[in-house]
Structure formats: C-alpha cells, structure tokens
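Some notes on the structure that comes next.
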Ligand SMILES: [Zn+2]
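In the working numbering, the protein residues as written are 3 to 367.
So, in structure tokens, the structure goes:
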C-alpha cells in the first residue's frame, strides 16, 4: 500500500465520519425544521408557491412569483340530458364519447386552478319523477321538464377538467331526493366537489381558502347571512355565491336576482355568479364586489336549437396581497355550440367578429 493511497483512504474515512455527524445533527437537531418541510411538501399539490421557501438556491425552473394566486373558472347551466322522452343528447354521447362535449373549452378549464359549473340535471338511475303537474298542456305542448343523466356521464365533467358543481337549482330534484343523493355520490366517487343549499364548500386553492355556496330562488337575506357566517367559521377567507335565479329568456336581472346578489355582497361575498335565464345577462360592480347576472346555458341538452346560443365563462383571479385577497374578474365569450344553426352540445370559445358581437351585447346590457 503506497503512502498516497493510505492518505486518500484516511481522508475518505474522515469525510464519511464528518458527513455522518452532519446527517445526525440534521436529523436530531433540526426536528422542527423537518416537520415544517414535510408539511410544506404535503401542501405542494395545492400550494406550489409555498414550496419556493424550501427549494435549493439557484434552481432555474422556479417561478419568480411568491404571492398566492388562484384562478377559478365558472360556467353556466350544464344539463347533460335531453328532456323526458328525447334521447338526442344520449345519441351524441354514444356516437362521440364523453370527451367530445367539453373539448371546445377544455383549454380554459385545464389551465385554470379550479372550475365550477351549475349541474342542472341529476346523475341518477331513479325512474320516479318529482310531481310537477302535467307534462303537457291540452294541445300536447310540453309544459314541465324532467332531466336526468346516466351515472357514467360524470366522465364528461371529469374529462373536461371540471372540479366542482353547484347543485342548487330547479332540476336537481327532478327525480326526488333519491336522484339528488345518487348525484352527490356519483360526484364524490369521481372526486368532484359540490355545494347545494345548506351544504357549503371550502376549497383551498393555491393557499387561498375559498368558500362556495348556492341557492335556487330561495335565497333570502337571512339564509344568505347564515351560510356566509358558516363559511367564515369553516375557515373561508373569501366567498363566492353561485345563485340559480332569474326569469327565463330575459336579459335584465330580476328583483329577486338583485336582492340575492346584494345581500350576499353586503354580508361579505367577494363575487356572485348566477344562471337560470338560459341567456347571458350583463355584469355589475357593487360595493367593490363582482356580479355576473347570468352565464346562460353552457353544455345544455335541454334544447336542440335555442335562438340565443351565447354563453359566458367568468374567471375570477384571487390574489393574496398585504392588503388582503383581491378578486379580479375576466369574461370569456362562448357559444353553447360549435355548429351554427343547431345545438351540438359542444360549447365553443367565440373569436373575431363573433367575440366582438358578444362583447358589444354585454356592454349594452
Ligand atoms: Zn334552471
């Protein structure tokens, strides 16, 4: 054994001892730090920015921003069903598959942080319809409507990158409580969140705890205050109401819509989203909060060719700053169909002159 080789071995031995000592010190002496690191890692999926604190220096792939931001998309009436007696929507599902329906808007939904739609028909196998009176008038025209979708149609939402549903609307009980319960189970099994009447949702998105709630017509101020207080108690830092209200086919908000929206904001909501009128309505800023009066139909199986096919996606960007959490809205012009002259149940983004026409219409509301 040469002298040089011996020296190398000795140095290596010393290094191993030193490294072992350093590792032991790290493990034994820095337990609190390790716990912090572990909890930050657990948080990573929902909170990428918080991990910047623990990343090695000089890592080129790190985002430059350290503030918390959450981009949430909202779309309108999503009725994955034709009316009773029609299988038009189901035929398209059989021919095109689940991914087809939201493929025209998936780029928007896949690139936000969370997507919420109003689910206007239950996922259910139930056959007993809720009592809504006669289905047709004396002349055979339909006057009451029942909607339901097969359970597997939840894949439409899943593949379209929808993460949550408002269920507070006038069709979720079309097949009674059995239909509603089956819908809730189907969504839960698919890991899609929901909120309905007194069932609230608090979702942490990129470190911001956002509270969601919904009412369908029954949104009096006392109910609204109670549910907002409940959301705050559950840890919500900012709150969005999704109301189902208004008069079908009208372009101006009703007094009922206004009462609900203003009550929500007076009690602390940062934004109010609405649907039900089947057409889009304008927006309003009220006491520093945002209102979208109606997002209109979205992926809508309830009509195969409505006259007005305009739809709206609203994106709310929440940013945490020193002053608190700000909410900035953005409107995205859409159509309920990608084919003019009919409803192909495939919402599409509007571009060019069609987007301008849409914008002019919203500006004039
Ligand atoms: Zn409705």
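C-beta atoms are modelled at their ideal positions from N, C-alpha and C, and glycine is treated no differently. Just so it is clear, the structure is predicted and the values come from calculations on it, not from any experiment.
Residue i: which of the options sits nearest, CA to CA?
| i | options | result |
| --- | --- | --- |
| residue 356 | 346, 344, 340 | 340 |
| residue 157 | 207, 101, 149 | 101 |
| residue 194 | 155, 224, 237 | 155 |
| residue 237 | 212, 256, 260 | 212 |
| residue 289 | 275, 104, 269 | 269 |
| residue 353 | 188, 252, 189, 106 | 106 |
| residue 274 | 214, 92, 325, 239 | 214 |
| residue 75 | 257, 152, 316 | 316 |
| residue 362 | 258, 343, 312, 326 | 312 |
| residue 345 | 169, 262, 305 | 305 |
| residue 343 | 314, 310, 367, 366 | 310 |
| residue 162 | 185, 88, 110, 351 | 110 |
| residue 239 | 226, 329, 94, 160 | 329 |
| residue 366 | 139, 285, 178 | 285 |
Label residue i either buried or exposed according to how many other C-beta atoms from any shown protein chain fall within 10 Å of its C-beta, with 16 as the threshold for buried.
| i | result |
| --- | --- |
| residue 291 | buried |
| residue 133 | exposed |
| residue 176 | buried |
| residue 165 | buried |
| residue 228 | exposed |
| residue 359 | exposed |
| residue 205 | buried |
| residue 115 | buried |
| residue 201 | exposed |
| residue 349 | buried |
| residue 247 | buried |
| residue 183 | exposed |
| residue 89 | exposed |
Any idea which residues DSSP pairs residue i with across the strands?
| i | result |
| --- | --- |
| residue 197 | 168 |
| residue 72 | 320 |
| residue 312 | 337 |
| residue 242 | 214, 273 |
| residue 248 | According to DSSP, which records beta bridges pairwise, residue 248 is partnered with nothing at all. |
| residue 288 | 291 |
| residue 302 | 81 |
| residue 121 | 80 |
| residue 206 | 211 |
| residue 102 | DSSP, once it has assigned bridges, lists no residue as partnering residue 102. |
| residue 326 | 323 |
| residue 351 | 336 |
| residue 331 | 318 |
| residue 152 | According to DSSP, residue 152 bridges with nothing at all. |
| residue 116 | 74 |
I want to know whether the segment 80-95 touches the segment 109-123 - three or more CB-CB distances under 8 Å.
yes
Report yes or no: do three or more beta-carbon pairs, one from the segment 271-289 and one from the segment 243-262, lie closer than 8 Å?
yes
Does the segment 171-187 come close enough to the segment 131-149 that 3 or more CB-CB pairs lie under 8 Å?
yes
Does the contact criterion of 3 or more C-beta pairs under 8 Å hold for the segment 312-331 versus the segment 209-225?
yes
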